[in-house]
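Each residue of the sequence shown is one higher than the one before, starting from 165 at the first, in the working numbering.
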Amino acid sequence: MHLVDGKPIREQIASHPTVKRYEMAITEVLETAEIARLLSPDDKLIVQYHNWLYQNIDRRKPHPAPVLSKERDAPRWAVLVRDNWVEQTHIARWWLDNRLTSNGELGGGPQDDTDMFQVWQCLPMIESEPLGAELKAASNKLTEILLDRYLEEGINKRSMDALHAYEEGVNQLALNAWWNYGDPVHFERVMQSARSATRLMVKTKDGRLHFMSDRKVGIDEARNGYLTMGQTPGTWNWAPIRLMFHPMYVVADYNGNPAVLERFAKWGETWRSYQSTNAFVDKVEIDTGKPVRTSNLPESANISPVDEFLALYQLTGDAKWRRPYQMGVDGGGFSGAPAQYGRSIHALLRWPEPYHSYHRKQYSEAGSGYAGFFVNKDRALLDKWLSDSLSWFQRYRHMNTAAEQKTDRVLTYNATTALSCYLGDAPNRNRWLNLGAVSYEGLQGKDFAALVWDAGPKKLKVAIYNFAGRDLTGRMRVWRLQHGRYRVRTGPDHNDDGLLDEAVIDLHAELQRYSAIPLKLPPRQVTVVDVEQLEQLDDIRDRADLAVSLLDTRLEGDTLSARIHNIGNRPAKDVRVVLMRGEAVVATKVIPRIEAPLDAKPRVVELRFDAVKSGDVLLVDPANDVPELATHNNSLVCVGPDSESEFE
Numbered sequence: 165m166h167l168v169d170g171k172p173i174r175e176q177i178a179s180h181p182t183v184k185r186y187e188m189a190i191t192e193v194l195e196t197a198e199i200a201r202l203l204s205p206d207d208k209l210i211v212q213y214h215n216w217l218y219q220n221i222d223r224r225k226p227h228p229a230p231v232l233s234k235e236r237d238a239p240r241w242a243v244l245v246r247d248n249w250v251e252q253t254h255i256a257r258w259w260l261d262n263r264l265t266s267n268g269e270l271g272g273g274p275q276d277d278t279d280m281f282q283v284w285q286c287l288p289m290i291e292s293e294p295l296g297a298e299l300k301a302a303s304n305k306l307t308e309i310l311l312d313r314y315l316e317e318g319i320n321k322r323s324m325d326a327l328h329a330y331e332e333g334v335n336q337l338a339l340n341a342w343w344n345y346g347d348p349v350h351f352e353r354v355m356q357s358a359r360s361a362t363r364l365m366v367k368t369k370d371g372r373l374h375f376m377s378d379r380k381v382g383i384d385e386a387r388n389g390y391l392t393m394g395q396t397p398g399t400w401n402w403a404p405i406r407l408m409f410h411p412m413y414v415v416a417d418y419n420g421n422p423a424v425l426e427r428f429a430k431w432g433e434t435w436r437s438y439q440s441t442n443a444f445v446d447k448v449e450i451d452t453g454k455p456v457r458t459s460n461l462p463e464s465a466n467i468s469p470v471d472e473f474l475a476l477y478q479l480t481g482d483a484k485w486r487r488p489y490q491m492g493v494d495g496g497g498f499s500g501a502p503a504q505y506g507r508s509i510h511a512l513l514r515w516p517e518p519y520h521s522y523h524r525k526q527y528s529e530a531g532s533g534y535a536g537f538f539v540n541k542d543r544a545l546l547d548k549w550l551s552d553s554l555s556w557f558q559r560y561r562h563m564n565t566a567a568e569q570k571t572d573r574v575l576t577y578n579a580t581t582a583l584s585c586y587l588g589d590a591p592n593r594n595r596w597l598n599l600g601a602v603s604y605e606g607l608q609g610k611d612f613a614a615l616v617w618d619a620g621p622k623k624l625k626v627a628i629y630n631f632a633g634r635d636l637t638g639r640m641r642v643w644r645l646q647h648g649r650y651r652v653r654t655g656p657d658h659n660d661d662g663l664l665d666e667a668v669i670d671l672h673a674e675l676q677r678y679s680a681i682p683l684k685l686p687p688r689q690v691t692v693v694d695v696e697q698l699e700q701l702d703d704i705r706d707r708a709d710l711a712v713s714l715l716d717t718r719l720e721g722d723t724l725s726a727r728i729h730n731i732g733n734r735p736a737k738d739v740r741v742v743l744m745r746g747e748a749v750v751a752t753k754v755i756p757r758i759e760a761p762l763d764a765k766p767r768v769v770e771l772r773f774d775a776v777k778s779g780d781v782l783l784v785d786p787a788n789d790v791p792e793l794a795t796h797n798n799s800l801v802c803v804g805p806d807s808e809s810e811f812e
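And the structure:
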């Protein structure tokens, strides 16, 4: 519960339906905090605990302004963004240094530990080393526990409510597939999860598709179905079963898998068909299709079908998935599109008029954060969120670390605007729709701040400030750009107006998702990277994707066991697999054909090589004869069991 102004605190506790039975214990905690504050009003730790308990009560003192690091001539936006990053890494670093066990647990139980990884999901996309690598390594170890004890066929073994079913590890498999983009083992794990999640739906006699339950979800239900049909699960703005779209979304976003995407789209068609302006259907009888609950505007401040419709629009590009949201605007407004923590997924998509102007007005206030900045291109709209966020995390450093709350209670939603400045979006716990535009490699988070000015399928503009007293080099990977030919210009922005003053680098390049743009950032300067499409090329998701993984390749003695995967959307023929030693090819094998996993079931060919030496390189399709979705996952270095293989 959250204590709020308006009535006595004791009355709030006594009347709260879920905490009333803990009234005596809670009252004792609150009274102890009050007494401690009276006895030691200047003790910083006591003040922090007291303010934490009463942070929603207006009788507290006004929030102090954040303490900004002193950076000569650095733009205020850059300092605020970078200092917010420092606070986030402080939290993550404390838990890794003080609570991480050798098997990847953080002390809250694996199911709650998955929530903690979800709130950190943007951090490795900003700093790949060392923090990002440590988080990924810990996540991999925790995942082994989840697979061994809690998951079966990608979803929870024990039947339970949908929210906790998702937290049993479905969320972690989806996160791992993003963090380890293109790794076939991680992808096939989330693909299995997606396939099982689709089996939690029921198809009615007239062809509609519905989830059946929020209260009873697990592998038994996926295998055997449900005995009775009631009403669709969920309340006005909360239907946790829809979190099961997370693995479906990740799979469809990677390769457009038809078995997953068609199921997702059929569910979307079912709900889209119910909606009309000023009559939004939220709940129906599954068997008959009769609406049970209708509202004037869709209630979706938390999680709603509107977000799933936008996911389908992102995945397919079909404008019909924008219509439910547009109906809400046409009906006089849309109650489900506030800028929560400075984020609104609606603001990050391109809209025709009058909807674009509606967004500009909707997100024109100081509290609209990154959403307001993105649609209005006004940095003043960032300042309040960045300042308030930094102040909050500075005030509650102890509460987020050494107070050792349960791992599902350490929340980072307040950092959404700062993280979105770096990446273009900031998914978080239970917020799985991801419109992140870029990620970074080879840079330390403390050394730079970034601001994504523009992002979409055809255009990207990012401003980056280098705090270091030296040149920084690294890479920026792109995530939202269509496959195409682009003009890439990089250069200084001396007056920090968001515009490129001169193009130090001006080149044409073929880019697609996960392509890397080299960065060279002069010290104490804003550098702008401006990318604009010249020609659209084919959709990379309509290709094969040959891949190998360090997770299922074994070198024992001089025998190499390798598994060659196809995680794309097309079969691959006459696939050459070679073993390289230095510049020499020491062995070659040819796979006649590897099918695509169109039914969301893995397609793998096992190969064996003899007389292999540690340091040899396994390389799939060395001549690039097969058009592929990605090629960074085509090779790895062979090492013995006491070491970890690496992608070359």
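Note that beta-carbon positions come from the ideal geometry of N, C-alpha and C, so glycine has one too.
In the assembly as shown, S292 is a buried residue. Its beta-carbon has 16 or more other beta-carbons within 10 Å.
With a beta-carbon spacing of about 6 Å, L719 and V803 fall inside the 8 Å limit used to define contacts. About 4 Å separates the CB atoms of P404 and L327; that is less than 8 Å, so the two are in contact. Within the stretch 517-574, the alpha helix (DSSP H) runs of at least 4 residues that lie entirely inside it are, in chain order, 519-526, 533-540 and 544-559. Burial state of Y629 is buried, judged by a 10 Å Cβ sphere holding 16 or more other Cβ atoms. The criterion of a C-beta distance shorter than 8 Å is not satisfied by R641 and S584. Y438 is positioned such that its CB atom lies no closer than 8 Å to that of F351. The shortest C-alpha to C-alpha distance from W284 to any of L260, T265 and L217 is the one to L260. The residue from S303, E198 and D785 with its alpha-carbon nearest to that of L264 is S303. The alpha-carbon of L771 is positioned some 15 Å away from that of D780. Taking 8 Å as the cut-off, the beta carbon of A579 is found closer than this to the beta carbon of N248. Below 8 Å, enough C-beta pairs join the stretch 379-391 and the stretch 319-338 to call them touching: three or more.
Burial check for N388: the Cβ neighbour count within 10 Å stays below 16, so the residue is exposed.
Contact between D657 and A627 holds: their C-beta atoms lie close to 6 Å from each other, under 8 Å. If you draw a straight line from the Cα of Y218 to the Cα of S551, it is about 20 Å long.
Y650 has A673 and Q697 as its beta-bridge partners, per DSSP. For the pair of segments examined, the stretch 759-773 was found to touch the stretch 420-431: the number of CB pairs separated by less than 8 Å reaches three.
A distance of 8 Å or more separates the beta carbons of R634 and L683. Just measuring C-alpha positions, the residue of L782, P411 and G655 sitting nearest L685 is G655.
Per DSSP, the beta-bridge partners of T752 are V742. Counting C-beta pairs with one atom in each stretch, the stretch 366-379 and the stretch 444-455 have three or more that are closer than 8 Å, which means they touch. Contact check for N797 against A711 passes: the beta carbons are separated by less than 8 Å. Look at G432 here: in three-state DSSP terms it is helix.
In the same chain as R593, and ignoring 5 residues on each side of it, the C-beta atoms closer than 6 Å to its own belong to D279, Q282 and V283, in chain order. Between V739 and D785, the C-beta gap is smaller than 8 Å, which places the two residues in contact. Per DSSP, the beta-bridge partners of F444 are S459. In the three-state scheme derived from DSSP, where H, G and I count as helix and E and B as strand, W343 is classed as helix. Cα atoms of G609 and R246: separation of roughly 7 Å, rounded to the nearest angstrom. Contact between I319 and S360 holds, since their C-beta atoms are separated by about 4 Å, short of 8 Å. Distance from the CA of S555 to the CA of K208, rounded to the nearest whole angstrom, comes to 15 Å. Within the same chain, Cβ atoms closer than 7 Å to the Cβ of V456 are found at Q395, K447, V448 and E449, the five residues on either side in sequence being excluded. Where M289 is concerned, the enclosing alpha helix (DSSP H) starts and stops at L287 to I290. Under the 8 Å Cβ criterion, the stretch 697-713 counts as touching the stretch 723-743, having at least three qualifying pairs. Note: P656 is bridge-paired with T691 in the DSSP secondary-structure output. Taking the CA atoms as reference points, P205 sits about 28 Å from T576. In terms of Cα proximity to D661, the closest of E433, A544 and H647 is A544.
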